[in-house]
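End of the sequence shown = 251 in full-length UniProt numbering, gap-free, step of one.
Even glycine gets a Cβ: it sits at the ideal position worked out from N, Cα and C.
Following: one structure in structure tokens, then a few remarks.
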Amino acid sequence: MTDTPILDVRSLAVELGGRLALNGVDLTVRTGELVGLIGPNGAGKTTLLRTVLGLLTPHSGVVHLQGQPADRARGTVGYVPQRHEFAWDFPLSVEKAVLTGRTHTIGWLRRPHATDREAVHDALERVAMTDLRHRPIGELSGGQRQRVLVARALALRPRLLLLDEPFTGLDVPTQELLTALFRQLRREDKALLMTTHDLPAAADMAGRLCLLNQTVIADGPPDTLRDPAVWLRAFGVTRSDQLLTSLGVTR
């Protein structure tokens, strides 16, 4: 892992519907890091990911990717949205759905090259979906659909991977496969930023946790975030809440 941030967010503020959804957010993600982005519903987690992707315009602040303004380097960012955001009724095979992840490289009207097909093949192998590459995406199970979304992001061969609730509603084999894959990507010096509601799993897998509720409440390795006040502020729960017990913050 190097000291050069792949993602560098500074003093970020984002307005949605006339109110600040994010305010004063500072966050870095470096190569070889998996950062868990934690917070309650409405905390701004998905808003932050969409801003990094350029889907939302900051009210103020900056987003840099690999030391450049984000709009110059977004071709190095892979995105795994929540499953309900993808058009599963669209008549595509698994292989062609994964190929759409290469649109930034290929362009909308050009035919894929050998390098594009190779990237798709490699991505399907990594999520154990090669045998289903010709299956229509509408016939897939929930776990298989999640694997397709991850492969679609990996087909870009990104430096940074943004994961929005990648474990929600998954069967155990798919959870285990993706957990092992994300850990391997860290070893390959990829940078990963993951939102999740599975806090014990995030604490186990992530090298850092970033607690977000419109702004960054705390940021550090999981074993350093033991102050109940930090979690109380981030989630608005009481000291006796089961959440704090499950995390080992209180007994």
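query: How about Pro112 and Arg102: are their beta carbons less than 8 Å apart?
result: Annotated as proximal: Pro112 and Arg102, with beta-carbon spacing under 8 Å.
message: Strictly by DSSP, which residues pair up with Ser60?
response: Residue pairing from DSSP places Ser60 in a beta bridge opposite Ala13.
- prompt: Do Val25 and Val216 come within 8 Å of each other at the CB atom, strictly closer than that value?
  reply: It is a contact, given that the beta carbons lie within the stated cut-off.
- request: Quick one: using the 10 Å Cβ neighbour count with 16 as the cut-off for buried, is Ala180 buried or exposed?
  value: Under this definition Ala180 is an exposed residue.
message: Going by C-alpha to C-alpha distance, which of Val62, Leu56 and Arg135 sits closest to Asp89?
response: The residue among Val62, Leu56 and Arg135 with its C-alpha nearest the C-alpha of Asp89 is Arg135.
- request: Return the CA-CA distance between Glu15 and Leu209, expressed in angstroms with no decimal places.
  value: Just so you know, the alpha carbons of Glu15 and Leu209 end up roughly 24 Å apart.
field: Alpha-carbon spacing of Gln144 relative to Phe86, whole angstroms
entry: When rounded, the distance between both Cα atoms is 13 Å.
message: Given a cut-off of 8 Å on the beta-carbon distance, is the pair Leu211 and Leu185 in contact?
response: No, the Cβ-Cβ distance between Leu211 and Leu185 is not below 8 Å.
message: Less than 8 Å between the beta carbons of Leu22 and Leu12, yes or no?
response: The criterion of a C-beta distance shorter than 8 Å is satisfied by Leu22 and Leu12.
- request: Return helix, strand or coil for Thr115, following the three-state DSSP convention.
  value: In the three-state reduction of the DSSP assignment, Thr115 falls in the helix class, which pools H, G and I.
message: Just verifying my parser: in three-state terms, what is the DSSP assignment at Thr224?
response: In the structure shown, the three-state DSSP call for Thr224 is helix.
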